[in-house]
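S.K.:
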Amino acid sequence: MELEIGGRPQTDNRAIVPGDIFICIKGHRFDGHNYIPSAHKSGASLIVQQTPISDDFPTVQVTNTRKAAALLVASHHGNPASKLKVIGVTGTNGKTTTTMLIYQSLMKFGKKCGWIGTLGYYVNEVHKPTEHTTPDIVELQAMLKEMVDAGCEYVVMEISSHALALDRVYGVPFLVSMFTNLSRDHLDFHYTMSEYAHCKYLLFEYTRRNRGTVIINIDDKYGSEFYQKLKHDIATMDSVIVGVGRKDMVSESDDRHCLLRSLSFVQGDYLVTESQFDLDCSSFILQTNALQYKIKSHLIGHFNILNLALTVALLDRLQIPQKIVESIIPDLDTVPGRLQKVPNNQGLGVYIDYAHTPDALSNVLQSLAKLTTGRLLCLFGAGGDRDHGKRSEMLTTAMRYADTVIITDDNPRYENPDQIIRDIIGSTNIWSAWWIIRDRHTAIESIINLANEGDIVLIAGKGHEKYREIAGTKLYFDDYLVAEEVLGKKRTDSDKLALPVDRLMLDILFNHQAHTPNTLSSIKPQHFFRISTDSRSIKESSIFFAIKGENYDGHNYVGHALAHKDNIAIVQHDDRGEYNRIVTADTVVAMGKLCRKYLQMFPAYRIALTGSTGKTGTKEILSNILESVAPTLKTEKNENNIIGLCKTIQRIKPNQRYAIFEIGTNHFGEIAQLADVIDPQCGIILNVGPSHLEAFGDEDGVFWEKTALFRRDLDKMIYSGDDERFAVFSDHGVPVGSKSHNKYQIDNIHTSVNGVEFTINSCVYQIPQTIPFYATNASFAIATAIELGVDPQIIRIAIQNHINLDHRMELIETGGGVLIVDCYNANPVSMQKAIEFFFAFKPENPHIAILGDMLELGDSAVLYHKMIGAMLCEYGNHTLISVGQLSNNYHSTRFADYRLHFDTVGALIDSVILKDI
Numbered sequence: 057m058e059l060e061i062g063g064r065p066q067t068d069n070r071a072i073v074p075g076d077i078f079i080c081i082k083g084h085r086f087d088g089h090n091y092i093p094s095a096h097k098s099g100a101s102l103i104v105q106q107t108p109i110s111d112d113f114p115t116v117q118v119t120n121t122r123k124a125a126a127l128l129v130a131s132h133h134g135n136p137a138s139k140l141k142v143i144g145v146t147g148t149n150g151k152t153t154t155t156m157l158i159y160q161s162l163m164k165f166g167k168k169c170g171w172i173g174t175l176g177y178y179v180n181e182v183h184k185p186t187e188h189t190t191p192d193i194v195e196l197q198a199m200l201k202e203m204v205d206a207g208c209e210y211v212v213m214e215i216s217s218h219a220l221a222l223d224r225v226y227g228v229p230f231l232v233s234m235f236t237n238l239s240r241d242h243l244d245f246h247y248t249m250s251e252y253a254h255c256k257y258l259l260f261e262y263t264r265r266n267r268g269t270v271i272i273n274i275d276d277k278y279g280s281e282f283y284q285k286l287k288h289d290i291a292t293m294d295s296v297i298v299g300v301g302r303k304d305m306v307s308e309s310d311d312r313h314c315l316l317r318s319l320s321f322v323q324g325d326y327l328v329t330e331s332q333f334d335l336d337c338s339s340f341i342l343q344t345n346a347l348q349y350k351i352k353s354h355l356i357g358h359f360n361i362l363n364l365a366l367t368v369a370l371l372d373r374l375q376i377p378q379k380i381v382e383s384i385i386p387d388l389d390t391v392p393g394r395l396q397k398v399p400n401n402q403g404l405g406v407y408i409d410y411a412h413t414p415d416a417l418s419n420v421l422q423s424l425a426k427l428t429t430g431r432l433l434c435l436f437g438a439g440g441d442r443d444h445g446k447r448s449e450m451l452t453t454a455m456r457y458a459d460t461v462i463i464t465d466d467n468p469r470y471e472n473p474d475q476i477i478r479d480i481i482g483s484t485n486i487w488s489a490w491w492i493i494r495d496r497h498t499a500i501e502s503i504i505n506l507a508n509e510g511d512i513v514l515i516a517g518k519g520h521e522k523y524r525e526i527a528g529t530k531l532y533f534d535d536y537l538v539a540e541e542v543l544g545k546k547r548t549d550s551d552k553l554a555l556p557v558d559r560l561m562l563d564i565l566f567n568h569q570a571h572t573p574n575t576l577s578s579i580k581p582q583h584f585f586r587i588s589t590d591s592r593s594i595k596e597s598s599i600f601f602a603i604k605g606e607n608y609d610g611h612n613y614v615g616h617a618l619a620h621k622d623n624i625a626i627v628q629h630d631d632r633g634e635y636n637r638i639v640t641a642d643t644v645v646a647m648g649k650l651c652r653k654y655l656q657m658f659p660a661y662r663i664a665l666t667g668s669t670g671k672t673g674t675k676e677i678l679s680n681i682l683e684s685v686a687p688t689l690k691t692e693k694n695e696n697n698i699i700g701l702c703k704t705i706q707r708i709k710p711n712q713r714y715a716i717f718e719i720g721t722n723h724f725g726e727i728a729q730l731a732d733v734i735d736p737q738c739g740i741i742l743n744v745g746p747s748h749l750e751a752f753g754d755e756d757g758v759f760w761e762k763t764a765l766f767r768r769d770l771d772k773m774i775y776s777g778d779d780e781r782f783a784v785f786s787d788h789g790v791p792v793g794s795k796s797h798n799k800y801q802i803d804n805i806h807t808s809v810n811g812v813e814f815t816i817n818s819c820v821y822q823i824p825q826t827i828p829f830y831a832t833n834a835s836f837a838i839a840t841a842i843e844l845g846v847d848p849q850i851i852r853i854a855i856q857n858h859i860n861l862d863h864r865m866e867l868i869e870t871g872g873g874v875l876i877v878d879c880y881n882a883n884p885v886s887m888q889k890a891i892e893f894f895f896a897f898k899p900e901n902p903h904i905a906i907l908g909d910m911l912e913l914g915d916s917a918v919l920y921h922k923m924i925g926a927m928l929c930e931y932g933n934h935t936l937i938s939v940g941q942l943s944n945n946y947h948s949t950r951f952a953d954y955r956l957h958f959d960t961v962g963a964l965i966d967s968v969i970l971k972d973i
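Residue numbers for the sequence shown follow my numbering, so the first one is 57 and each next one is one higher.
1. Which first and last residues belong to the alpha helix (DSSP H) in which K201 is found?
2. Hey, I356 and L371 are a contact pair by Cβ (cut 8 angstroms); roughly how many whole angstroms apart?
3. Give the DSSP-derived three-state secondary structure of G633 in the structure shown.
4. Do F230 and G144 have their CB atoms nearer than 8 angstroms?
5. Whole angstroms are fine: how far does the CA of T428 sit from the CA of A454?
6. What are the start and end residues of the beta strand (DSSP E) that includes I109?
7. Using the Cα positions of F333 and D847, report the straight-line distance between them to the nearest angstrom.
8. With a 10 Å radius around its C-beta and 16 neighbouring C-beta atoms as the bar for buried, classify L844 as buried or exposed.
9. Considering Cα atoms alone, identify which of S591, A516, D534 is closest to R524.
10. Rounding to the nearest angstrom, what Cα-Cα distance links A554 and R707 in this structure?
11. Tell me, please, which residues DSSP counts as bridged to H412.
12. Where does F893 fall in DSSP's three states?
13. Assuming P687 contacts Q712 (C-beta within less than 8 angstroms), just tell me the rounded distance between them.
14. By Cβ distance below 7 angstroms, which residues in the same chain neighbour I973 in space, the five residues on each side in sequence not counted?
15. Kindly confirm or deny that the segment 429-445 and the segment 503-511 touch, where touching means at least three C-beta pairs closer than 8 angstroms.
16. Measuring alpha carbon to alpha carbon, tell me which of N273, Y661, I603 ends up nearest Y613.
17. Report the three-state DSSP secondary structure of F78 (helix, strand or coil).
18. Y536 by DSSP, collapsed to three states: which one?
19. Using 10 angstroms around the beta-carbon of M57, count the other beta-carbons present and answer buried if the total reaches 16, otherwise exposed.
20. What residue range does the alpha helix (DSSP H) around K94 cover?
21. Quick one: what's got a C-beta closer than 6 angstroms to V204's C-beta in the same chain, skipping five residues either side?
22. Leaving aside the five residues before and after I1038 along the sequence, list all residues of the same chain whose C-beta is less than 8 angstroms from its C-beta, in chain order.
23. Which residue spans inside the segment 351-432 form an unbroken beta strand (DSSP E) run of at least 3?
24. Measure the C-alpha to C-alpha separation of D769 and L689 and round it to an integer number of angstroms.
25. Would I477 and I463 qualify as a contact pair, given that the criterion is a beta-carbon distance under 8 angstroms?
26. Please name the residue, chosen from F601, R852, V406, I564, that lies closest to D474 on a Cα-to-Cα basis.
27. Per the DSSP calculation, S776 is bridged to which residue(s)?
28. Take every Cβ of the segment 487-498, pair it with every Cβ of the segment 387-394, and state whether three or more of those distances are shorter than 8 angstroms.
29. So is I853 buried or exposed if we call it buried at 16+ other beta carbons inside 10 Å?
30. Go ahead and pull the three-state DSSP assignment for M887.
31. According to DSSP, T666 sits in a beta bridge with which residue or residues?
32. Looking at the structure shown, is F260 part of a helix, part of a strand, or coil, going by DSSP?
33. Could you tell me the alpha carbon to alpha carbon distance between G63 and P74, rounded to whole angstroms?
34. Please check the pair L451 and T484, which I expect to be a contact at CB under 8 angstroms, by giving their CB distance rounded to whole angstroms.
35. Can you tell me whether K595 is buried or exposed? The criterion is at least 16 other CB atoms within 10 Å of its CB, across all chains shown.
36. Could you give the DSSP three-state label for R524: helix, strand or coil?
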């Protein structure tokens with residue numbers, strides 16, 4: 057029986073109208089054979105099936121309904137592809153850019169042209185959107201028909217592996233096909249790289265059968281294999297195979313060419329030489345047997361030189377005149393979302409790119425890394441319901457080339473976005489410079505605000521896409537517009553952290569598995585802008601660490617801290633199991649971990665400074681020097697324990713080039729703990745003396761504790777070379793001191809009313825302080841600055857600035873006398889230096905010493921107090937007033953007036969002695 061069918065071939069039963077042909081395609085999620093009753097009910101006149109179905113309406117059985125659909129739909133539209141010159145480009149990366157460059161070139165050459173790809177499709181100048189890189193079978197043939205009707209001569213197409221695997225381009229007569237590269241992607245669909253490569257190769261089979269031209273980048277591993285495979289058919293087929301690549305991949309009969317091998321002599325049909333690029337343009341020479349194309353373009357990067365070279369090779373095969381090609385290429389526009397620059401007046405290079413595979417990310421970052429004079433910052437994520445294996449590879453790639461990485465949400469689709477990011481992190485070192493900010497808008501804002509003039513920021517993954525897909529819903533989002541908005545804002549200082557802390561960042565740092573909400577759409581990002589240990593002053597969007605001290609317990613105030621619903625508490629115990637509480641073994645350690653991780657994200661050169669005496673003075677002088685070069689962070693006041701260190705780190709800003717951390721200790725392991733948080737590049741130990749002996753026993757214990765700073769990888773170790781104990785660090789250290797063997801020798805110290813003058817390696821320096829031992833403090837600061845490359849003339853000017861140290865050798869004029877205030881945590885060394893200055897200062901005047909206890913000296917406390925007493929006796933006549941439980945030991949038998957000793961400060965104040973001074 058003959059049956060005349062006049063309807064449209066359809067693969068979607070929902071699109072059937074009376075008279076149409078329904079072609080049953082068995083897909084990954086749906087089988088069209090299950091919808092035959094629906095199609096018949098809608099009026100289908102014929103069913104094309106692959107699986108036999110017993111029914112009462114007309115059917116045709118074929119071995120492959122996908123291929124049948126491709127041929128039937130093409131026939132229905134009059135085989136439009138046969139009326140076009142079809143150019144197909146495949147590969148993992150570079151398809152969009154290469155096809156767009158070809159399309160633009162042909163249009164500029166005056167040809168009517170269509171384009172089909174990731175960005176939609178063009179019919180001549182008119183752009184229209186699509187859903188897939190390569191449209192489905194029905195959509196594709198309709199587009200080709202539209203192009204024929206519009207008078208197009210050429211169509212340039214991106215050919216995805218999905219399109220090839222699903223026969224969407226089956227039967228299309230390709231005039232030219234091209235290969236860019238192949239790397240890991242879509243393994244959620246293909247499962248293996250071998251299967252992925254096999255699908256790509258189908259394009260060249262189609263082209264070969266059509267007796268077309270195949271142009272392959274054979275510097276790619278898979279490209280060389282494709283090339284060799286196709287070369288075997290040259291003798292029996294009429295297609296022309298042109299190689300782009302290495303000498304060993306090209307037959308002797310081939311012409312010569314290569315891409316990205318400009319520093320070596322290579323051979324191919326197309327040879328790229330003299331390739332170079334900067335932030336503004338790329339240039340290279342493309343050689344054939346007969347011609348030498350001199351190409352310039354404002355597309356940048358090695359990968360874009362490949363794309364441009366393939367474009368020029370295609371134009372050469374189409375015999376477009378050389379001069380026209382050379383004039384067209386410089387005018388070609390960059391492709392939206394492909395290394396697309398976001399203009400700004402902040403001196404930043406901000407780029408949007410579609411890179412969403414390890415190889416694509418590598419290509420872009422490698423190119424940008426060669427162009428930046430500053431840091432390279434990268435933001436990326438990973439799509440849900442796609443190849444899981446590539447996720448951690450992307451972070452590995454990003455960390456290889458970028459200085460700083462922010463991981464954010466991409467298109468989670470139907471996957472838990474928290475789990476996607478956990479997959480990305482994998483086993484990556486927790487202490488490397490990556491950070492999580494799930495909210496993509498906040499992440500883009502943060503990474504741009506982290507950048508300084510001269511830095512480059514890559515925002516990767518979304519490119520041209522103007523949506524984010526979450527749990528089946530597409531929400532409008534445009535990376536370019538967000539970046540543009542952020543760059544248009546004026547940066548302002550505030551009490552907020554320079555970099556917000558994501559809830560997921562906390563969960564990962566503290567090994568916490570949060571309770572997942574019931575629905576994917578409710579897994580919303582949460583981030584915090586402040587860190588607090590004081591519930592009395594806490595603000596919204598804060599992380600509250602419940603610290604337990606000797607006289608207080610922060611856990612008693614957790615409820616108050618969480619009165620702000622967007623706050624979170626880090627606690628050591630919790631019987632509520634609420635989402636806004638994270639339990640950790642030690643909240644102080646946890647806060648240190650967070651601040652350590654946070655600090656790694658900033659470019660400041662980290663300096664850790666310790667010593668038994670002189671820390672604060674040296675820090676202040678060094679800060680004055682470095683601040684004169686660039687913005688510098690420093691420890692404020694005496695915040696040199698773990699709590700104070702964390703407060704200092706929270707104040708860091710992206711523009712600060714240096715960070716000076718003063719660290720102290722009163723128990724074993726504290727220096728190591730603080731140094732772990734800082735992870736310093738430079739360590740300074742000023743001296744080691746008898747301090748905190750209750751904890752350390754003796755000076756050897758102090759030495760062991762202080763030198764924990766040096767028992768780690770450091771760029772520079774600066775220490776007191778006059779102390780023989782530091783000789784163990786002489787191979788890699790920088791000694792400072794008065795002895796001749798020191799790299800920085802201090803000499804010729806002279807005090808005057810104008811300050812202290814001294815020499816370092818015969819170079820004269822002067823500070824405004826009139827206290828001699830400040831010459832040593834200043835010398836350590838000067839030596840450190842010189843080691844960091846600071847100009848000595850800048851140093852000389854900077855050290856003239858006064859430093860204000862409360863209660864540390866403060867000189868206060870009081871009528872006819874001078875009050876010297878040195879009341880900060882004295883030890884025998886600091887006491888000795890203070891007494892030496894005390895008696896040298898205006899020796900002609902009466903001297904009255906009011907001395908308190910030196911604390912934490914353990915079993916040696918009485919001995920050290922008597923040593924100070926003996927020193928006082930050597931200075932002859934003076935008045936000594938002692939206060940405390942140990943200070944009566946200052947009064948030696950030679951100079952013992954116990955009427956001038958008071959057990960408490962209150963007793964001293966109540967006496968009449970102070971009134972007579």
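By construction, the Cβ of each residue, glycine as well, lies at the ideal position given by its N, Cα and C atoms.
Predicted model only: the values in this text are computed from it and were never measured.
M.R.: Straight from the coordinates:
1. K201 -> alpha helix (DSSP H) spans 193-205.
2. Rounded, the Cβ-Cβ distance is 21 angstroms, inconsistent with contact.
3. Judged by DSSP in its simplified three-state form, G633 adopts coil rather than helix or strand.
4. In contact: F230 and G144 (Cβ atoms closer than 8 angstroms).
5. The C-alpha of A454 lies about 15 angstroms from the C-alpha of T428.
6. Secondary structure note for I109: it is in no beta strand (DSSP E), with a DSSP letter that is neither H nor E.
7. Approximately 34 angstroms between the Cα atoms of the pair.
8. The residue in question, L844, is buried, as its Cβ has 16 or more Cβ neighbours within 10 Å.
9. Each of S591, A516, D534 was checked against the Cα of R524, and the nearest Cα belongs to D534.
10. Using only the alpha carbons, I get a separation of about 8 angstroms.
11. DSSP, once it has assigned bridges, lists no residue as partnering H412.
12. F893 carries a helical assignment under DSSP once its states are collapsed to helix, strand and coil.
13. Contact between P687 and Q712 holds, since their C-beta atoms are separated by about 4 angstroms, short of 8 angstroms.
14. Answer for I973: I904, listed in chain order.
15. The segment 429-445 is in contact with the segment 503-511.
16. Checking every option, the nearest Cα to that of Y613 belongs to I603.
17. DSSP, reduced to helix, strand and coil, places F78 within a strand of the structure shown.
18. Helix.
19. Bear in mind that the predicted position of M57 carries a pLDDT of just 47, short of 50, making it too unreliable to give a figure here.
20. The sequence shown places Ser at residue 94, not Lys. In the DSSP assignment, S94 falls within the unbroken alpha helix (DSSP H) covering 92-97.
21. Closer than 6 angstroms at the Cβ level, and outside the excluded window around V204, lie P136, K139.
22. Residue 1038 falls outside the range modelled here, since the chain spans only 57 to 973, and no answer is possible.
23. Within the segment 351-432, the complete beta strand (DSSP E) segments at least 3 residues long are 396-398, 405-409, listed from N- to C-terminus.
24. Cα atoms of D769 and L689: separation of roughly 22 angstroms, rounded to the nearest angstrom.
25. In this structure, I477 places its C-beta atom within 8 angstroms of the C-beta atom of I463.
26. Considering only alpha carbons, the answer is I564.
27. Partner(s): V792.
28. At 8 angstroms Cβ cutoff, the stretches do not touch.
29. So I853 counts as exposed.
30. Three-state DSSP puts M887 in a helix.
31. Answer by DSSP bridge pairing, in chain order: I741.
32. The answer is helix: DSSP assigns F260 an H, G or I state.
33. Cα to Cα, G63 sits roughly 8 angstroms from P74.
34. Confirmed, about 5 angstroms.
35. When all chains shown are included, K595 counts as exposed.
36. Here R524 sits in strand by DSSP.
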